[in-house]
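The structure appears below as structure tokens.
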Amino acid sequence: RSPDIPPNASLTLEVELLAARDAPDLELLSGKEKIQLANRKRERGNFFYQQADYVLAINSYDIALRIVGSSSKVDFSPDEEAELLDVKVKCLNNLAASQLKLDHFKAALKSCNLVLEHQPGNIKALFRKGKVLAQQGEYREAIPILKAALKLEPSNKTIHAELSKLVKKHADQRNVETEMYRKMLGNPSAASTPRKCKDKLPWVRP
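Heads up, the sequence shown is in our numbering, so the first residue is 119 and it goes up one at a time.
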């Protein structure tokens, strides 16, 4: 049979508010309640990220981080403190991923660095930091960071591919710079010789 509502029909909807409640007092939440609330906001951010709505994802992760970082009048157990830190790190990593999608490189770099302050060997944060620096053309800084991530997880094909791509881009960049200096100075040997020491890539030992 034909549909009850024809195509392109104009609809008027009524919404009835059945209940309303005040936001919880974050200072009075138990450790378990704070973890649950922050995780709900984080999962909401994950939902928006999967829908490619990165602005709303960022907003959700920001709210979750404010919950985790809020002051408290309640004492938490060591396990609850550790779990809150885990939620914080997950939110910061996901926040960096969303910021990277929107080309918010400065903000994404800050989020990655905050993760690495707590977990210097966090592979996701290292990888995203490398990608952020690469997007900004900072290949010399990005390559050692990706090498550090690859050392922690040698079988990671994504890091392998990104590192190979950056090494090639950096080599191309150096060739362009060398050619530019050669033209400026009009002396090929003078332009290329001093750069051999300058451009050696440092190996990072995490």
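Note that CB positions come from ideal geometry on N, CA and C, so glycine has one too.
Check                                                                                                          : Outcome
For residue 154, the first and last residue of its enclosing alpha helix (DSSP H)                              : 149-168
Backbone secondary structure at residue 218 - three-state DSSP                                                 : helix
Short Cβ contact (8 Å threshold) for residue 284 with residue 260                                              : yes
C-beta neighbour in chain B for residue 257, strict 8 Å                                                        : Here there is only one protein chain, and chain B is not present.
Where residue 212 falls, given that 16 or more other Cβ within 10 Å makes a residue buried                     : buried
C-beta contact flag for residue 250 and residue 227 at 8 Å                                                     : yes
Inside the segment 203-267 only - alpha helix (DSSP H) runs reaching at least 4 residues                       : 223-236 and 241-253
Buried versus exposed call for residue 240 [16 or more other C-beta atoms within 10 Å across all chains shown] : buried
For residue 243 and residue 216, the rounded distance between their alpha carbons                              : 13 Å
CA-to-CA distance, residue 146 to residue 238, given in whole angstroms                                        : 32 Å
8 Å contact criterion, which residue 195 and residue 149 should meet: CB distance rounded                      : 6 Å
DSSP state of residue 190 mapped onto helix, strand, coil                                                      : coil
Simplified DSSP state of residue 177, which is helix, strand or coil                                           : helix
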